[in-house]
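Working notes, beginning with the structure itself.
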Amino acid sequence: MTVLLDDNFARGAAPPPRERKSRLTGGLLLIFLFLSAALMVLSRLDHELVRKTRTSVTELLVPMVNHASTPANGFHRVRGQLTSYFDLFVELERLKQENQRLRQWESRAMHLEYQVAEYRQLLNGVKDFNRGFVTGRMIADGRGPFMRSALVNIGRDNGVSSGSAVVDRDGFVGRIVDVGEKAARVLFLTDLNSRIPVLVGKNGVRSILVGNNSDRPELNFLPSGNTPKVGDAVYTSGHGGLLPAGLRVGIVEQSGTSIRVQPHTQPGKAHFVSVLKFDTLNLGQARFDTKVRRPRARRDIVRAWQTSPAQSVVEEAKRGE
Amino acid sequence: MLYWLLGTVVRSFLILAASLISAMPWGLPVEFVFALPLLAFAVIHDIVWRARDQVLIPVVFVAGLLVDILVNGPLGFWSFLFLLGYGMTRQLAKPNQPQQLLRRWTSYSLVALAITAIAWLVGSLYFLKLVAFLPMLFGAGLAAAIYPILSLLLGLSHIAITKPEDELTGSEA
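Protein chains in written order, with this note's numbering: chain A, 515 to 835; chain B, 597 to 769.
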């Protein structure tokens with residue numbers, strides 16, 4: 515009996531303080547593990563509460579994240595400078611040639627745009643939708659084994675809305691899936707949940723570009739007998755009215771059982787991106803707005819070219835460096 | 597008490613800052629992106645080894661949640677993994693153990709590997725699809741390779757906020 519009273523298992527005997535503390539920690543750990551698992555389940559169910567909380571907390575964090583991303587910006591700048599220093603001469607030569615080629619294309623494109631405007635007037639066609647844009651910086655990287663997304667420091671305050679297309683200087687990057695007042699979430703075209711209606715090749719074969727969390731999204735739902743060739747251009751079709759048509763996406767890389775596309779952009783590596791303000795609500799309105807308009811003057815077309823989103827992204831990047 | 601409070605506040609701040617920084621756009625190749633949250637966990641691991649009583653479970657939970665929110669991952673995913681890693685590290689880092697870098701490094705490598713395996717399992721269950729394991733393994737490898745440098749840097753903050761007599765005995769726990 516005496517032995518039992520001395521033992522810790524005996525009724526009334528308290529465990530030593532270290533053991534008690536350890537038990538308390540274990541209990542607390544279990545509670546928080548359970549809480550995490552519960553949050554995961556709610557997240558999986560895409561519960562409204564989870565979505566709202568995520569957006570509000572992101573909103574709160576934006577100023578802090580903006581400041582915290584300073585080292586990442588410095589890292590980008592140093593890396594950019596080092597790369598340009600080592601590749602300076604090769605890059606200069608390449609750019610000279612490219613510039614020469616692009617000058618020819620620019621004059622050709624301007625001429626074509628003027629022609630299209632004239633034909634549109636002759637046909638009494640509908641006007642182009644206004645594609646305003648706003649450029650922002652990526653402040654948080656959401657690329658991982660399960661998702662490909664990023665946070666940009668522009669939101670509803672800047673006129674960004676859910677579903678808007680996001681481009682960088684090389685082409686289509688993804689679309690906005692979540693918007694707060696001061697920040698928005700971009701879902702990259704490589705994400706598992708990304709589905710982009712596209713046109714493939716010269717014949718403009720309709721297809722859906724499906725993200726698969728790899729760097730090469732796949733082309734699905736191609737009409738039978740329309741197998742694209744390697745090197746065929748892929749661009750947005752605008753079907754569904756969510757995204758503007760004609761944004762360059764990539765080229766067909768692998769043809770066979772699984773047709774993969776090599777995107778022109780490297781989502782996640784871009785530092786600055788532009789969000790196109792493509793208002794789908796205007797589509798219906800525009801159908802009835804068939805007022806005949808004079809084609810834009812040549813100088814207006816030049817001005818439009820000079821202030822394209824791609825140009826703005828390049829300028830922002832230069833300013834950032 | 598004052599030293600404990602100061603240490604807890606500074607270490608909690610370090611953990612949360614590491615989580616925030618891990619979500620920044622570093623432009624890493626996608627194969628290595630998994631290393632970033634694991635490096636945030638490396639801070640937790642290192643502090644548990646040095647001063648286990650100053651790592652608060654709610655702070656570990658919030659750190660994971662912060663990563664989840666910023667990377668737009670499943671909410672609770674990194675909190676779950678960080679908490680599991682914290683529990684494993686507490687088992688490996690017994691109080692009054694010698695503070696050798698090699699020991700800590702081995703412990704971190706083992707825990708990071710376990711976290712990676714669990715992350716793959718949970719991720720595959722969450723998305724109902726087998727997630728590619730190799731990029732995660734590369735990320736874990738990179739995080740394990742960087743750990744000694746991070747641990748040495750964290751050692752500086754440890755010296756700055758450790759009570760003098762604790763430093764002499766080599767343990768705070």
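Heads up, the beta-carbon is just placed ideally off N, CA and C, and yes, glycines get one too.
Think of a sphere of 7 Å around the beta carbon of ASN668/B: the chain A residues whose beta carbon falls inside it are GLY656, MET661, SER663 and ARG699, in chain order. With a cutoff of 8 Å on beta-carbon distance, PHE546/A and ILE653/B are scored as near each other. Look at PRO777/A here: in three-state DSSP terms it is strand. Annotation for SER678/A: ARG689, ILE690, VAL789, LEU790, LYS791 and PHE792 place their beta carbon closer than 7 Å to its own, counting only its chain and skipping 5 residues before and after. Just so you know, the alpha carbons of LEU610/B and GLN650/B end up roughly 12 Å apart.
Taking a C-beta cut-off of 7 Å against chain A, the contacting residues of the stretch 718-739 of chain B are GLY719, TYR722, PHE723, VAL727, ALA728, PRO731 and MET732, listed in chain order. Among the CB atoms of chain B, one or more fall inside 8 Å of the CB of THR572/A. Taking a C-beta cut-off of 8 Å against chain B, the contacting residues of the stretch 763-796 of chain A are GLY782, LYS783 and HIS785, listed in chain order. Per DSSP, the unbroken beta strand (DSSP E) holding GLU767/A starts and ends at 762-768. Per the C-alpha coordinates, the member of VAL680/A, ASP601/A and TRP619/A positioned closest to PHE786/A is VAL680/A.
The beta carbon of LEU752/B is closer than 8 Å to none in its chain, skipping five residues each way along the sequence.
By alpha-carbon distance to GLU732/A, the top candidate from SER721/A, GLN611/A and LEU544/A is SER721/A. With respect to chain A, the C-beta atom of LEU679/B has a partner C-beta closer than 8 Å.
Between the stretch 771-783 of chain A and the stretch 692-705 of chain A, the count of C-beta pairs closer than 8 Å reaches three or more; the two stretches touch.
The stretch 579-593 of chain A and the stretch 616-623 of chain B touch, with three or more beta-carbon pairs separated by less than 8 Å.
DSSP places ARG720/A in the strand class (E or B) of the three-state scheme. Separation of the CB atoms of ARG730/A and ARG662/A is rounded to 12 Å, and the pair is thereby denied contact status at 8 Å. Collapsing the DSSP output to three states places ASN727/A in coil. Between the C-alpha atoms of TRP701/B and LEU750/B there is a straight-line separation of about 13 Å. Going by DSSP, THR750/A is part of the beta strand (DSSP E) stretching over 747-750. DSSP places VAL626/B in no beta strand (DSSP E); its state is neither H nor E.
Distance from LEU665/A to THR572/A at the Cβ level is roughly 7 Å; contact confirmed, criterion being Cβ atoms closer than 8 Å. Flagged as an interface residue toward chain A: GLY672/B, by a C-beta distance shorter than 8 Å. Interface residue (Cβ-Cβ distance to chain A less than 8 Å): GLY603/B is not classified as such.
Interface with chain A (8 Å Cβ-Cβ cutoff): ILE757/B is excluded. Nearest to SER751/A by alpha-carbon distance, out of ASN727/A, LYS535/A, GLY760/A and LYS716/A, is GLY760/A. Proximity of HIS625/A to chain B, defined by a Cβ-Cβ separation below 8 Å, is not satisfied. Inclusion of ARG646/B and GLN695/B in the CB contact set at 8 Å is warranted, their separation being smaller than that value. Our two residues, ARG657/A and LEU616/B, have alpha carbons roughly 15 Å apart in a direct line. For ARG565/A, no pairing in a beta bridge is given by DSSP.
As computed with DSSP, GLU732/A is found in a beta bridge with VAL724/A and ARG774/A.
Excluding five sequence positions before and after ASP671/A, the CB atoms of its chain that fall closer than 7 Å to its own CB belong to GLU695 and LYS696, given in chain order. Checking the DSSP bridge columns, you'll see VAL658/B has no partner listed. Going by C-alpha positions, LEU563/A is about 29 Å away from VAL687/A. Nearest in C-alpha terms to LEU635/B, of all of SER705/B, LEU601/B and TYR599/B, is SER705/B.
For VAL626/B, the neighbours in chain A by C-beta distance under 8 Å run, in chain order, ARG657, ARG662, ASP729 and GLY782.
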